[in-house]
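*Asks:*
Protein chains: 2
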Amino acid sequence: MLYCEKCGQKVADEALLWRCECGGALACDDTGFNFNPNPKLPGIWRYASSLPVACPETPVTLGEGMTPLAECIWDYGRGKAAVKCKFDALNPTGSYKDRGIAVQITRLKELGLKKLVEDSSGNAGAAMAAYSAAAGIECDIFVPAYTSEGKCVQIAAYGANLRRIPGTRETTTIAAEKAAESVYYASHNWNPYFPQGIKTYAFEIFEQAAGVAPDNIIVPAGQGSLVNGAWKGFTEIARSGKSSATPRIFGVQSANCAPLYEAWAHGEDKPRVIDKKDTIAEGIASASPVHGEAVLKTVRESGGSFVAVSEKEIWESFTRLASMGFYVEPTSAAAFAGLTTLLREGTIKPDEYTVVFLSGSGLKATDKIMQLRANPPE
Amino acid sequence: MLYCEKCGQKVADEALLWRCECGGALACDDTGFNFNPNPKLPGIWRYASSLPVACPETPVTLGEGMTPLAECIWDYGRGKAAVKCKFDALNPTGSYKDRGIAVQITRLKELGLKKLVEDSSGNAGAAMAAYSAAAGIECDIFVPAYTSEGKCVQIAAYGANLRRIPGTRETTTIAAEKAAESVYYASHNWNPYFPQGIKTYAFEIFEQAAGVAPDNIIVPAGQGSLVNGAWKGFTEIARSGKSSATPRIFGVQSANCAPLYEAWAHGEDKPRVIDKKDTIAEGIASASPVHGEAVLKTVRESGGSFVAVSEKEIWESFTRLASMGFYVEPTSAAAFAGLTTLLREGTIKPDEYTVVFLSGSGLKATDKIMQLRANPPE
């Protein structure tokens, strides 16, 4: 059963609405979910008791989840800090989006869906194309024309209908919503099942550290699904009585597109209307996050904050990560640029237990990385 | 302690020789190793009791191993077969080579190595660059000029000195061996530690299927390290008394470069001297496999065989895999092309338990995949 986050209206899954009639976003009622891992099931499906699917034993799966929690010594310029990386680029399509899309597509298949439309800056589009292919669901994927070549080729190879839309990320969304007048709009940003899959990364971090919650989790934040996922996961663990601690959650934005950071810096409750500029962190170039208000509230409740980082800082973090063996897309490097800021300003102490999230593979951004190596941001 | 596979001479690890003075390849004496997983250690390091390193608690690691064993229904034209994919593209640098290189670099670091040279068709080079970076070892990587752009950018990003050599894979090896006159030659094809890491994939397949050995394992075969790895792993499991069954092992080669298949087809013990042609399966384009004789012997002992597949068959398998959600490099697709052949000729039955190995990520081969989509092999 779903409910509207805005008006509270209850909606049956079977209605296959992408949002409430009032315009609000739909969410799963997850109050009955209980963190209770089943080690016999693979990947994210070991958390079946926390997922909104009828038959978790027969999911649409490509092997998502149980990505490494790797160790890393980070030099932040004034010292070094031992942190852990949740290396979620190592999911089947190369990004963390697989967690959410696997749950979303499994549920949509159960509900009998045959065709969908999605818009994405690239990673969610690749995930949607892959899982739709695995489920036998036809899909149209709209991406901004500036999306990395690697992501576009990948989406097309899965057999999806790829539509490259000139203009901003927001223009792409408008085009997809137009197409969705006749086809189910599976937008991961609106979808109620997607966040339930994303939260599994928090469960894994908890289990991989033998049942210890981190002091801090640092994630790249565009729409803020990783912020909400961490909070959802750790509050569910707390509710199950397995841990009383929850981490502080830090969302990192590109200074060139920072509606959440700007709101935070001004003590506001809603994302700021911003004048968006280009950023190499294409995965978090979201000017109008759908759940922005909830994301701001979550970060506040967790005791964390938002950070904005420059293009130069993102690129420097990319090169430093690569020189340590972690090859990620620039969006992921933004999280480490944020770590540097948080360590320097003393918000995070080097001896705390901090997990930094690596969201997508560098292999998806070969063309961008070549350009950036030739012409680094100044 | 190492020994020469050719003359039997014992060699101390500390000598840091890349091969025996007689020209033979060195191997680890692994008779004392015992399959005895330690679930408290992450990834491949849970098999510490089977690895030739002094301190497996402090490895050079990026989170390698414990990749998914995903399910897949394969249409082979005359029916369908349920098989499992070992999705080893989901290792830190995007290929299975990380298993071997992680062990190799961990051991070389323990031995005090500061600089190395390696040659590779791309995947091992990327792995070597990444783990050398993580270990603080300087490295020069020689690759054939035809290597995918994605692999080259990745190798350079890790901070390795990338050398692109015009000509064949073999020309690249000659250039590397020349450079190795003054620097340690870490060639994964010759290295004695590398195969010990590769075998961990067999351990994982065994554990992920709750202690059941497959009837068949199908791997792409160039040098044959996956053939040897499977055999080494499953015989070690058998020796430990945990299972009496060992799988039949099938090595798949491109018909355009098939020295092992040609030898097999002619009932010979040594790789054939072949007239090598270009293949889209660049990862198995090895005309003169270093351990070829041992690889042929292993396949025979296991009860398996070799298969050669055409460019067209490899590409068709690539597109079919992608249409099921598995986006791999063409080399990996060769293994599924081999599965089709083996099922059609009745060597493998659809109801047997078969595991097919997916060795590398499609994200590494964006440029090649674009070209192939525009001009598919005929």
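So the sequence lines, in the order shown, correspond to chains G and Z.
Under numbering that gives the first Met the number 0, the residue at position 30 of the first sequence is numbered 29, and the numbers go up by one with no gaps.
Under numbering that gives the first Met the number 0, the residue at position 97 of the second sequence is numbered 96, and the numbers go up by one with no gaps.
From the three backbone atoms N, C-alpha and C, an ideal C-beta is built for every residue, glycine too.
Let me make sure I understand the geometry here. Which of G/Cys6, G/Trp17, G/Arg168 has the alpha-carbon closest to that of G/Ala179?
*Replies:* Translated into positions along the first sequence, residue 179 of chain G becomes position 180. The shortest Cα separation from G/Ala179 among G/Cys6, G/Trp17, G/Arg168 belongs to G/Trp17.
*Asks:* For G/Ala80, which beta-bridge partners are listed by DSSP?
*Replies:* Within the first sequence, numbered from 1, the residue matching residue 80 of chain G stands at position 81. DSSP lists G/Trp73 as partners of G/Ala80.
*Asks:* Which value, in whole angstroms, describes the spacing of the CA atoms of Z/Ala126 and G/Leu341?
*Replies:* The count along the second sequence starts at 1 and reaches residue 126 of chain Z at position 127. The count along the first sequence starts at 1 and reaches residue 341 of chain G at position 342. Distance between the alpha carbons of Z/Ala126 and G/Leu341: 31 Å.
*Asks:* Can you list, in chain order, the residues of its chain with a C-beta nearer than 7 Å to that of G/Leu320? Leave out the 5 residues immediately preceding and following it.
*Replies:* Against the first sequence, residue 320 of chain G aligns to sequence position 321. Result list for G/Leu320: Val327, Ala332, Phe335, in chain order.
*Asks:* Would you check if the segment 278–296 of chain G and the segment 110–128 of chain Z touch, i.e. whether three or more CB-CB distances between them fall below 8 Å?
*Replies:* No, the segment 110–128 of chain Z is not in contact with the segment 278–296 of chain G.
*Asks:* Of all Cβ atoms in chain Z, is any one closer than 8 Å to the Cβ of G/Met369?
*Replies:* For the purposes of this step, residue 369 of chain G is identified with residue 370 of the first sequence, where counting begins at 1. It does; some Cβ of chain Z falls within 8 Å.
*Asks:* Within 10 Å of its beta-carbon, does Z/Asp28 have 16 or more other beta-carbons around it, so buried, or fewer, so exposed?
*Replies:* On the second sequence, position 29 is the one that residue 28 of chain Z refers to. The residue is exposed, with fewer than 16 neighbouring Cβ atoms inside 10 Å.
*Asks:* So, does the CB of G/Pro349 fall closer than 8 Å to a CB anywhere in chain Z?
*Replies:* Numbered from 1 along the first sequence, position 350 holds the residue referred to as residue 349 of chain G. It does not: the Cβ of G/Pro349 has no partner Cβ on chain Z nearer than 8 Å.
*Asks:* Can you name the start and end residues of the beta strand (DSSP E) that Z/Thr353 belongs to?
*Replies:* Counting from one through the second sequence, the residue named residue 353 of chain Z turns up at place 354. Its beta strand (DSSP E) spans residues 353–357.
*Asks:* Can you look up G/Pro213 in the DSSP assignment and give me helix, strand or coil?
*Replies:* In the first sequence, counting from the first residue as 1, residue 213 of chain G sits at position 214. The answer is coil: DSSP assigns G/Pro213 none of H, G, I, E or B.
*Asks:* Tell me the DSSP secondary structure of Z/Tyr145 in three-state form.
*Replies:* Residue 145 of chain Z sits at position 146 when you count from the first residue of the second sequence. It is coil, neither helix nor strand.
*Asks:* Tell me the rounded alpha-carbon separation between G/Asn33 and G/Arg271.
*Replies:* Against the first sequence, residue 33 of chain G aligns to sequence position 34. Against the first sequence, residue 271 of chain G aligns to sequence position 272. For G/Asn33 and G/Arg271, the distance between alpha carbons rounds to 35 Å.
*Asks:* Any beta-carbon of chain G closer than 8 Å to the one on Z/Ala129?
*Replies:* What you label residue 129 of chain Z is simply residue 130 of the second sequence in a count that begins at 1. Answer yes: the Cβ-Cβ gap between Z/Ala129 and chain G drops below 8 Å somewhere.
*Asks:* Given that Z/Gly149 touches chain G, what residues does it touch there, using C-beta distances under 8 Å?
*Replies:* Counting from one through the second sequence, the residue named residue 149 of chain Z turns up at place 150. Per Cβ cutoff of 8 Å: Gly149, Leu362, Thr365.
*Asks:* Beta-carbon separation of Z/Pro258 and Z/Ile273 under 8 Å?
*Replies:* Stepping through the second sequence from its first residue, residue 258 of chain Z is reached at position 259. Stepping through the second sequence from its first residue, residue 273 of chain Z is reached at position 274. Contact: yes.
*Asks:* Taking the alpha-carbon of Z/Leu371 as reference, which of Z/Pro349, Z/Val10, Z/Trp314, Z/His187 has the nearest alpha-carbon?
*Replies:* Within the second sequence, numbered from 1, the residue matching residue 371 of chain Z stands at position 372. Z/Leu371 has its Cα closest to that of Z/Trp314, out of Z/Pro349, Z/Val10, Z/Trp314, Z/His187.
*Asks:* Anyone know if the C-beta pair for Z/Ile204 and Z/Leu225 falls short of 8 Å?
*Replies:* Residue numbering aside, residue 204 of chain Z sits at position 205 when the second sequence is read from its first letter. Residue numbering aside, residue 225 of chain Z sits at position 226 when the second sequence is read from its first letter. Cβ distance not < 8 Å, so Z/Ile204 and Z/Leu225 don't count as in contact.
*Asks:* Please report the straight-line C-alpha distance between G/Thr365 and G/Ser147, rounded to a whole angstrom.
*Replies:* What you label residue 365 of chain G is simply residue 366 of the first sequence in a count that begins at 1. What you label residue 147 of chain G is simply residue 148 of the first sequence in a count that begins at 1. Each residue's alpha carbon lies about 8 Å from the other.
*Asks:* Within a Cβ cutoff of 6 Å, which residues of the same chain sit near Z/Gln153, ignoring the five residues on either side of it in sequence?
*Replies:* Residue 153 of chain Z sits at position 154 when you count from the first residue of the second sequence. So the list reads Ala125, once near-sequence residues are dropped.
*Asks:* Tell me, please, whether the CB atom of G/Val82 is closer than 8 Å to any CB atom in chain Z?
*Replies:* As a position in the first sequence, residue 82 of chain G is number 83, starting the count at 1. No, G/Val82 lies away from the interface with chain Z (no Cβ there is under 8 Å from its Cβ).
*Asks:* Between G/Thr340 and chain Z, is any beta-carbon pair separated by less than 8 Å?
*Replies:* To locate residue 340 of chain G, count along the first sequence from 1; it is residue 341. By this cut-off, G/Thr340 is not an interface position.
*Asks:* Which residue or residues does DSSP assign as beta-bridge partners of G/Gly250?
*Replies:* Locating residue 250 of chain G in the first sequence gives position 251, where the first residue counts as 1. Note: G/Gly250 sits in a beta bridge opposite G/Val218, G/Phe305.
*Asks:* Hey, is G/Thr171's beta-carbon within less than 8 Å of any beta-carbon in chain Z?
*Replies:* The residue you call residue 171 of chain G lines up with position 172 of the first sequence. Not one chain Z Cβ lies under 8 Å of G/Thr171.
*Asks:* Of all the residues that make up the segment 310–329 of chain G, which are near chain Z by a beta-carbon distance shorter than 9 Å?
*Replies:* Those would be Phe317, Thr318, Ala321, Ser322, Met323, Gly324, Phe325, Tyr326, in chain order.
*Asks:* Smallest Cα separation from Z/Pro213: which of Z/Gly111, Z/Val354, Z/Ala24, Z/Ser49?
*Replies:* Reading the second sequence from its first residue, position 214 is the one you call residue 213 of chain Z. For Z/Pro213, the nearest C-alpha among the options comes from Z/Val354.
*Asks:* Taking Z/Asn160 as part of the beta strand (DSSP E), name the residues at either end of that continuous run.
*Replies:* Here residue 160 of chain Z corresponds to residue number 161 of the second sequence, with the count starting at 1. Unbroken beta strand (DSSP E) run through Z/Asn160: 160–164.
*Asks:* How many Å lie between Z/Lys83 and Z/Gly337 at the Cα?
*Replies:* Sequence index remark: in the second sequence, residue 83 of chain Z carries index 84 (1-based). Sequence index remark: in the second sequence, residue 337 of chain Z carries index 338 (1-based). Using only the alpha carbons, I get a separation of about 14 Å.
*Asks:* What residues in its chain sit with their C-beta under 6 Å from that of G/Leu81, if we drop five residues either side in the sequence?
*Replies:* Here residue 81 of chain G corresponds to residue number 82 of the first sequence, with the count starting at 1. According to the sequence shown, residue 81 of chain G is Ala rather than Leu. Same-chain partners within the cutoff: Ile72.
*Asks:* Indicate whether the contact test is met: 3 or more Cβ pairs, each with one atom in the segment 126–143 of chain G and one in the segment 53–70 of chain G, closer than 8 Å.
*Replies:* Taking 8 Å as the limit for Cβ pairs, the verdict is that the segment 53–70 of chain G does touch the segment 126–143 of chain G.
*Asks:* Does DSSP classify G/Ser5 as helix, strand or coil?
*Replies:* As a first step, residue 5 of chain G must be located in the first sequence, where it is residue number 6. This sequence places Lys at residue 5 of chain G; Ser is not what is there. Coil.
*Asks:* Please compile the residues from chain Z whose C-beta is within a distance smaller than 7 Å of the C-beta of G/Thr60.
*Replies:* Taking the first sequence and counting its residues from 1, the one referred to as residue 60 of chain G is at position 61. Simply Ala69.
*Asks:* Here's the rule I'm using: 16 or more other beta-carbon atoms within 10 Å means buried, otherwise exposed. How should G/Arg45 be labelled?
*Replies:* By one-based count along the first sequence, residue 45 of chain G stands at place 46. G/Arg45 comes out buried.
*Asks:* Using 8 Å as the threshold, is the C-beta distance between G/Ala175 and G/Val116 below it?
*Replies:* Indexing the first sequence from 1 puts residue 175 of chain G at position 176. Indexing the first sequence from 1 puts residue 116 of chain G at position 117. Yes.
*Asks:* Going by C-alpha distance, which of Z/Asn374, Z/Lys241, Z/Gly361, Z/Ile140 is nearest Z/Gly149?
*Replies:* Residue 149 of chain Z sits at position 150 when you count from the first residue of the second sequence. Closest option to Z/Gly149, Cα to Cα, is Z/Gly361.
*Asks:* For a cutoff of 8 Å on Cβ pairs, would you count Z/Ala159 as touching chain G?
*Replies:* In the second sequence, the residue the question calls residue 159 of chain Z occupies position 160. Output row for Z/Ala159: interface = no.
*Asks:* Going along the chain, which residues of its own chain have a beta-carbon closer than 7 Å to the beta-carbon of G/Pro375, five neighbours each way excluded?
*Replies:* Here residue 375 of chain G refers to the residue found at position 376 when the first sequence is read from its first residue. Result list for G/Pro375: Trp314, in chain order.
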